[in-house]
Structures are given as structure tokens and as C-alpha cells.
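Numbering (our numbering), first residue to last: 1 to 96.
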């Protein structure tokens, strides 16, 4: 499902114009991005949490030059689904 699909489905379900829903979805995404870039986590009860994870420094390999490189510590955005969300997916999506 793409962002356009989400916008279309919300617009149809609520009865709003697609451009209004598009603005709302974009604003939501930008708000989450801003919060995470400030180091603030976003908690959506019953859905999940957008969190900033800290990655420790580690040693890696540059295969083409056959050398060892140091990958510095850094932060990455991550999503952790709520328990109810995980259970819904487990019970409704069949394993292939």
C-alpha cells in the first residue's frame, strides 16, 4: 500500500477531498519526522511507537579494498508496533 492508496482510502471512508486528506497525512508524517530529529519519541497507543534507536560503534569490512573500517555510533529511526497490533497481524495474516 502506498501513501496515495492510504489517502484515497481515508478520503473515501471519511468523505473528505483527497487534497485535504493528503495535507493531513503529509502534516502527520512531517510532525513525526520533526519529533524524531529532535530525539523525541512518538507514542500512538494501540498502534505503535516511532522511536530513535542508538547504534553502538562497530567494526565493519570494506570488501573491495579488503580493509577494516570503524562504523561510528549513530542514531536511527525505528518503529515498534503495539502488542495489540502484532496480535492482529499474527491472527489475520497467514504464513506463506
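Quick reminder that beta carbons are idealized off the backbone N, C-alpha and C, glycines included. Predicted model, so just to flag it, every value in this text is computed and none were measured.
Grab the span of the alpha helix (DSSP H) containing residue i for me, first residue to last.
i: residue 30; result: 18–37
i: residue 6; result: 3–14
i: residue 85; result: 83–92
Which partner residues of residue i appear in the DSSP bridge assignment?
i: residue 52; result: 77
i: residue 58; result: 71
Since residue i is in the beta strand (DSSP E), which residue starts that stretch and which ends it?
i: residue 100; result: Because the chain spans 1 through 96 in this model, residue 100 falls outside it and cannot be assessed.
Under 8 angstroms by Cβ, that's how I've got residue i and residue j pegged, so tell me the actual separation to the nearest angstrom.
i: residue 150; j: residue 41; result: In the structure displayed, the chain extends from 1 to 96; residue 150 sits before or after that span and is not available.
i: residue 52; j: residue 77; result: 6 angstroms
Cβ contact (3+ pairs, closer than 8 angstroms) linking the stretch 21–31 and the stretch 57–72: no
Stretch-stretch touch, CB-based, cutoff 8 angstroms, three pairs: the stretch 27–47 with the stretch 62–70: no
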